[in-house]
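Here's the structure we're looking at; comments come further down.
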Amino acid sequence: MNQCSAKILLIEDDVRLASSISNFLSANGFQVTHCTCASELDLKVQNSKIDLIICDIMLPGINGLDLLQDTRQDYQGAFIFMSALSDVETQLRGFDLGADDYITKPIKPELLLARVKAVLQRNSPNKASTESNIIQLGNMMINHTSRSVMINDERLKLSRHEFDVLWLLSLNKNEEITREYLFLNIMGREYDGLDRTIDGRVSRLRKKVNAYEGAGCKIRTMWGKGYMISTGAEF
Numbered sequence: 149m150n151q152c153s154a155k156i157l158l159i160e161d162d163v164r165l166a167s168s169i170s171n172f173l174s175a176n177g178f179q180v181t182h183c184t185c186a187s188e189l190d191l192k193v194q195n196s197k198i199d200l201i202i203c204d205i206m207l208p209g210i211n212g213l214d215l216l217q218d219t220r221q222d223y224q225g226a227f228i229f230m231s232a233l234s235d236v237e238t239q240l241r242g243f244d245l246g247a248d249d250y251i252t253k254p255i256k257p258e259l260l261l262a263r264v265k266a267v268l269q270r271n272s273p274n275k276a277s278t279e280s281n282i283i284q285l286g287n288m289m290i291n292h293t294s295r296s297v298m299i300n301d302e303r304l305k306l307s308r309h310e311f312d313v314l315w316l317l318s319l320n321k322n323e324e325i326t327r328e329y330l331f332l333n334i335m336g337r338e339y340d341g342l343d344r345t346i347d348g349r350v351s352r353l354r355k356k357v358n359a360y361e362g363a364g365c366k367i368r369t370m371w372g373k374g375y376m377i378s379t380g381a382e383f
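Counting from 1, position 17 in the sequence shown corresponds to residue 165 in this note's numbering; the numbering is continuous, with no gaps.
Here is the structure:
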């Protein structure tokens, strides 16, 4: 599944916030449907295949926690709580009920996008098979199992961290990947706005890959946005 063709159902009773989130995610390629309460959920899920549900907890009628508990019998897709409730007990209950992530409000749009992409990546039905295969980008071949990279039959020497970055970029070739997304998926934590660890790894990786004129792919910095590995006419 191409992440940016994913269908997202947003359950949020704050109409102004829901409109802002829907517009932002739609602008980033997602198909977003909005409903304000649990009573609309069954119809929305039945009428179209939903890849991800983003749900508030304090909803009119059935709250988000009870909604997830009831929904998990029929809906097996990704589920994210997004709530102003930040106490540990509520977050733990959300995860116990089967949530894939728990986001506390307010959250910056870029971080929300990164969390959404991370959850969809983890829940992709093709993820296991993709990670066992070889990715070919131009004249570069990446083997995830052996963690090796060949360009024009010459082995590219990468550190463990550089390979992790390359693999993640390659899974999302020709797509802009934010620094926040890389932090969540490689470092396992949110970007704090100051840490340059990922920037350093991408910089070293870019120099190594882009040094090959005939690689057929390049790593690019998308200023103010993040990074991309481009192939063919894309670069």
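A virtual CB, placed ideally from N, CA and C, is assigned to each residue, including glycine. Given the structure is predicted, the values throughout are model-derived calculations rather than measurements.
When N300, E258, S296 are compared, the shortest CA-CA separation from S307 is found for S296.
Between D204 and D248, the gap from beta carbon to beta carbon reaches 8 Å or more.
Between L330 and V313, the beta carbon gap of about 7 Å places them in contact (Cβ cut-off 8 Å).
Runs of the alpha helix (DSSP H) lying entirely within the region 189 to 274, each at least 4 residues long, are 189 to 195, 212 to 219, 236 to 244, 257 to 270 in chain order.
Inclusion of I367 and V350 in the CB contact set at 8 Å is warranted, their separation being smaller than that value. By the criterion of a C-beta distance shorter than 7 Å, P208 is surrounded in its chain by D161, C185, once the five residues flanking it on both sides are discounted.
Cβ-Cβ distances below 6 Å link G246 to R220 in the same chain, with the five nearest sequence neighbours on each side left out; the list follows chain order. Taking the C-beta atoms as reference points, Q239 is found no nearer than 8 Å to Y223. In this structure, DSSP gives G374 an extended state, which the three-state scheme calls strand. Of the candidates D301, L268, I159, the residue whose Cα lies closest to the Cα of L319 is L268. DSSP places N171 in no beta strand (DSSP E) but in the uninterrupted alpha helix (DSSP H) bounded by 163 to 175. In this structure, the CA atom of N287 is about 18 Å from the CA atom of E310. Taking C-beta atoms under 8 Å as the contact rule, I198 and G225 qualify, at a distance of about 6 Å. Collapsing the DSSP output to three states places S153 in a helix.
The closest CA to that of F243, considering only P254, I255, G212, is found on G212. The Cβ neighbour count for V357, taken over all protein chains shown within 10 Å, is at least 16; the residue is labelled buried. Separation of G374 and I325 (C-alpha to C-alpha, rounded to the nearest whole angstrom) is 5 Å. Our two residues, L259 and L165, have alpha carbons roughly 16 Å apart in a direct line.
Within the same chain, D312 come within 6 Å of I334 by CB-CB distance, once the 5 residues on both sides are set aside.
Under DSSP, L158 takes part in a beta bridge, and its partners are H182, I202. Taken in chain order, the whole beta strand (DSSP E) runs of length 3 or more contained in the region 284 to 319 are 288 to 291, 296 to 299. For R368, the pairing in a beta bridge is given by DSSP as M376.
Rounded to whole angstroms, the Cβ separation of L200 and V264 is 7 Å, and the two are in contact under 8 Å. I156 and V180 have their alpha carbons spaced roughly 5 Å apart.
Leaving aside the five residues that flank T345 on each side, none in its chain has a CB nearer than 6 Å to its CB.
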